[in-house]
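Protein chains: 2
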Amino acid sequence: MSLNTALISVDVVAFRLLKDKLHVLAQKIQAGKNDPQWMLPAGKIDPVKDQSIDDTAYRQIERLTSKKPGYMEQVVTLGDNRRDSRGWSMTVVYCALIDNNDCEQLAPGAEWLTTEAKTLNEQLAYDHSRLVQQALDRLKSKIQYSSLPVYLLPDAFTLSEIHGVFSAVLDKAPPMRSIRNRFLQGDLLIDTGKLRRGSNRPAALYKVNHHSETWLFDRLYSSTR
Amino acid sequence: MSLNTALISVDVVAFRLLKDKLHVLAQKIQAGKNDPQWMLPAGKIDPVKDQSIDDTAYRQIERLTSKKPGYMEQVVTLGDNRRDSRGWSMTVVYCALIDNNDCEQLAPGAEWLTTEAKTLNEQLAYDHSRLVQQALDRLKSKIQYSSLPVYLLPDAFTLSEIHGVFSAVLDKAPPMRSIRNRFLQGDLLIDTGKLRRGSNRPAALYKVNHHSETWLFDRLYSSTR
DNA sequence: GGAATAGTGTCTTTCAGACATTATTTC
DNA sequence: GAAATAATGTCTGAAAGACACTATTCC
Chain A
0 MSLNTALISV DVVAFRLLKD KLHVLAQKIQ AGKNDPQWML PAGKIDPVKD QSIDDTAYRQ
60 IERLTSKKPG YMEQVVTLGD NRRDSRGWSM TVVYCALIDN NDCEQLAPGA EWLTTEAKTL
120 NEQLAYDHSR LVQQALDRLK SKIQYSSLPV YLLPDAFTLS EIHGVFSAVL DKAPPMRSIR
180 NRFLQGDLLI DTGKLRRGSN RPAALYKVNH HSETWLFDRL YSSTR
Chain B
0 MSLNTALISV DVVAFRLLKD KLHVLAQKIQ AGKNDPQWML PAGKIDPVKD QSIDDTAYRQ
60 IERLTSKKPG YMEQVVTLGD NRRDSRGWSM TVVYCALIDN NDCEQLAPGA EWLTTEAKTL
120 NEQLAYDHSR LVQQALDRLK SKIQYSSLPV YLLPDAFTLS EIHGVFSAVL DKAPPMRSIR
180 NRFLQGDLLI DTGKLRRGSN RPAALYKVNH HSETWLFDRL YSSTR
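Chains as they are written, first to last, in numbering that gives the first Met the number 0: chain A, 0 to 224; chain B, 0 to 224.
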């Protein structure tokens with residue numbers, strides 16, 4: 000068997016917050032069974048449509064949702080002769096973050112699965128729960144020294160919502176004092192001047208300064224380890 | 000054209016220190032020309048020999064040198080329809096670090112090229128100088144918050160030699176005080192009790208505590224940015 | 001006023017960095 | 001003793017974290 004017959008796919012782990020919980024985009028696999036099985040958005044490179052592997056990844060997301068990821072990065076490329084019974088196979092795994100505005104159109108069969116359910120393992124086919132784990136590990140790590148949290152929030156958000164992202168992803172969060180100091184430094188955020196009102200003191204609404212790219216800080220939070 | 004005809008290779012950027020300068024492992028391309036051309040250790044996955052892509056990468060290094068990398072990680076997977084005139088092609092790029100003990104047997108045609116030469120661009124064929132740049136970017140970044148420097152040193156080394164690794168890789172280095180404090184904390188290093196002598200006060204020789212895995216610190220050096 | 005959440009003040013801790021000082025070797 | 005490099009002492013600064021305190025809204 001030569002390498003050219005290898006099966007190469009691009010698999011995307013797209014994260015989104017729904018009801019303060021982290022979810023993953025998945026697609027129902029048609030089957031006659033009762034328990035539905037799910038798979039990540041995945042597919043092959045289309046040499047005609049895709050100029051690069053990133054294009055392939057974007058295309059997989061587009062197939063399932065009208066939303067575009069505000070952030071996407073390659074996590075790893077896996078390849079071995081065990082993942083697929085037909086022989087050697089390869090997967091380029093991406094991690095994508097999708098903002099939390101409303102206005103989403105899901106394709107038929109597409110759904111956001113909560114990452115919290117212990118059943119996620121059984122819900123996902125192939126080795127896809129392992130891919131989710133790897134993307135999640137990356138997210139958990141990178142969230143601690145970058146501006147990634149903002150990509151999971153709506154266009155305008157409060158500092159408390161950043162705190163909420165940490166809670167959803169890590170199950171714990173740094174103190175608000177530290178989040179404030181970090182995210183209000185530099186040109187990272189812009190104060191919209193608007194307020195979010197509730198039955199309490201209103202919170203300032205910020206938006207991302209798209210002038211400045213994904214921000215990398217030079218320290219980790221240590222309270223979240 | 001279908002994806003199965005894509006050309007997939009595994010390319011390794013292996014770094015090593017020689018005479019206090021950073022070098023990259025390369026292989027001479029046979030050609031009738033005068034100026035020799037070089038390429039990175041690269042090759043295709045062998046479905047029989049390789050259980051995983053990592054195996055393929057290790058095999059490329061073994062072809063050129065008797066030394067095994069003390070550290071290796073995937074950098075990125077590149078794929079597009081521009082790199083190779085024959086159409087879509089894909090490369091999984093690895094970064095490897097090789098210790099600085101002596102005892103090396105190089106295969107015929109293999110050589111360590113200095114990364115400092117401005118001619119490296121012209122010496123390397125295909126898009127390999129771009130791959131070196133990406134691996135080097137990763138190394139420059141990760142060196143600042145991890146124990147990676149020790150993988151470029153011999154089995155026993157002094158703290159000054161760690162300083163030297165920073166100079167070789169970044170062209171600048173954090174103060175010795177900071178290096179000492181960082182690398183002598185925890186179980187990272189073991190004092191061998193031996194000394195390196197010169198025409199001055201001898202320096203303590205340390206070795207890596209292989210009990211502890213690659214160490215990740217929670218701060219960057221900022222003097223080196 | 002009370003409940004609730006937003007936001008500030010300030011002190012402590014940790015670690016990088018600056019820089020002076022001391023230590024140990026060879027010559 | 002001089003030169004050279006190794007190692008320590010100690011102070012400063014930046015940012016995280018703890019925690020008390022104040023602010024602003026709705027009811």
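Using N, Cα and C, we set each Cβ at its ideal position, and we do this for glycine too.
Exercise. So, are the CB atoms of Ala155/B and Lys193/B less than 8 Å apart?
Worked result: yes
Exercise. Taking only beta-carbon atoms, is Ile178/B less than 8 Å away from chain A?
Worked result: no
For this session: State buried or exposed for Pro35/A, treating a residue as buried only when at least 16 other CB atoms are found within 10 Å of its CB.
Result: exposed
For this session: On a CA-only basis, which of Asp190/B, Leu188/B, Pro68/B, Gln143/B is nearest Leu237/B? Give me that one, please.
Result: The displayed coordinates of chain B run from 0 to 224. Any statement about residue 237/B would go beyond what the structure contains.
For this session: Output yes if chain A places a C-beta closer than 8 Å to the C-beta of Ser159/B; else output no.
Result: Output row for Ser159/B: interface = no.
Problem set entry | Exposure label - Cys102/A; buried when at least 16 CB within 10 Å | exposed
Problem set entry | DSSP three-state assignment for Leu220/B, whether helix, strand or coil | Per the sequence presented here, residue 220/B reads as Tyr, with Leu not at that position. Reduced to three states, the DSSP call for Tyr220/B is coil.
Problem set entry | Residue nearest to Asp98/A in terms of C-alpha spacing, selected from Leu77/A, Gly86/A, Ser65/A | The shortest Cα separation from Asp98/A among Leu77/A, Gly86/A, Ser65/A belongs to Ser65/A.
Exercise. Name the residues in the segment 209–221 of chain A whose C-beta lies less than 7 Å from a C-beta of chain B; which are they?
Worked result: Asp217, Arg218, Leu219, Ser221
For this session: Please report the Cβ distance between Pro173/B and Ser222/B, rounded to the nearest whole angstrom; I am assuming they are in contact, meaning their Cβ atoms lie under 8 Å.
Result: 5 Å
For this session: For chain A, find out if any of its Cβ atoms is closer than 8 Å to the Cβ of Ile142/B; answer yes or no.
Result: no
For this session: Just mark Thr191/B as buried or exposed, buried being the case when its beta carbon has 16 or more other beta carbons within 10 Å.
Result: exposed
Problem set entry | Cβ contact check for the segment 68–87 of chain A and the segment 42–54 of chain B: 3 or more pairs under 8 Å | At 8 Å Cβ cutoff, the stretches touch.
Exercise. Should Gln133/A and Val91/A be called a contact, given that it needs their Cβ atoms to be closer than 8 Å?
Worked result: no
Exercise. Using a beta-carbon distance cut-off of less than 7 Å, what residues from the segment 39–54 of chain B approach chain A?
Worked result: Lys43, Ile44, Pro46, Gln50, Ser51, Ile52
Exercise. Looking only at DSSP bridge pairs, what is Ser140/B linked to?
Worked result: According to the DSSP secondary-structure assignment, Ser140/B is paired through a beta bridge with no residue.
For this session: Take Gln104/B and list the residues in its own chain whose beta-carbon comes closer than 8 Å to its own, dropping the five residues that flank it on each side.
Result: Correct list, in chain order: Thr64, Ser65.
Exercise. Does the Cβ of Met225/B have 16 or more other Cβ atoms within 10 Å, making it buried, or fewer, making it exposed?
Worked result: Nothing about residue 225/B can be read from this structure; chain B reaches only from 0 to 224.
Exercise. Under 7 Å Cβ-Cβ, which residues of chain A neighbour Asp79/B?
Worked result: For Asp79/B, the C-beta contacts it makes with chain A under 7 Å involve Gln50, Ser51, in order along the chain.
Exercise. Asn80/B by DSSP, collapsed to three states: which one?
Worked result: Three-state result, Asn80/B: strand.
Exercise. Which of the three DSSP states, helix, strand or coil, is assigned to Pro201/A?
Worked result: Here Pro201/A sits in strand by DSSP.
Problem set entry | Contact with chain B by Thr76/A, beta-carbon distance below 8 Å | Residue-level contact by beta carbon holds for Thr76/A and chain B, with a gap shorter than 8 Å.
Problem set entry | Residue from Val168/A, Gln184/A, Ile7/A whose Cα sits closest to the Cα of Ser88/B | Ile7/A
Exercise. If you draw a straight line from the alpha carbon of Ser159/A to that of Arg195/A, how long is it in whole angstroms?
Worked result: 11 Å
For this session: Using a threshold of 8 Å, state whether the C-beta atoms of Leu39/B and Tyr70/B are closer than that.
Result: Contact: no.
For this session: At 9 Å on the CB atoms, spell out the chain B contacts of Gln132/A, in chain order.
Result: Here the premise fails: no neighbours, minimum Cβ distance about 17 Å.
Problem set entry | Neighbour list for Gly86/B in chain A, Cβ cutoff strictly below 7 Å | Contacts between Gly86/B and chain A, judged by CB atoms closer than 7 Å, involve Pro46 in chain order.
Problem set entry | C-beta neighbour in chain B for Leu91/A, strict 8 Å | For the sequence presented, residue 91/A should be read as Val rather than Leu. Chain B contact via Cβ: present.
Problem set entry | Environment of Val47/A [buried if 16+ CB atoms lie within 10 Å] | exposed
Exercise. Which residues mark the beginning and the end of the beta strand (DSSP E) in which Phe14/B is found?
Worked result: Looking at the DSSP string, the run of the beta strand (DSSP E) that includes Phe14/B is 6–17.
Exercise. List, in order along the chain, the chain A residues whose C-beta lies closer than 8 Å to that of Gln73/B?
Worked result: Val75, Thr76
Exercise. Roughly how many whole angstroms lie between the Cα atoms of His22/B and Val168/B?
Worked result: 10 Å
Problem set entry | Alpha-carbon spacing of Arg15/B relative to Thr114/B, whole angstroms | 10 Å
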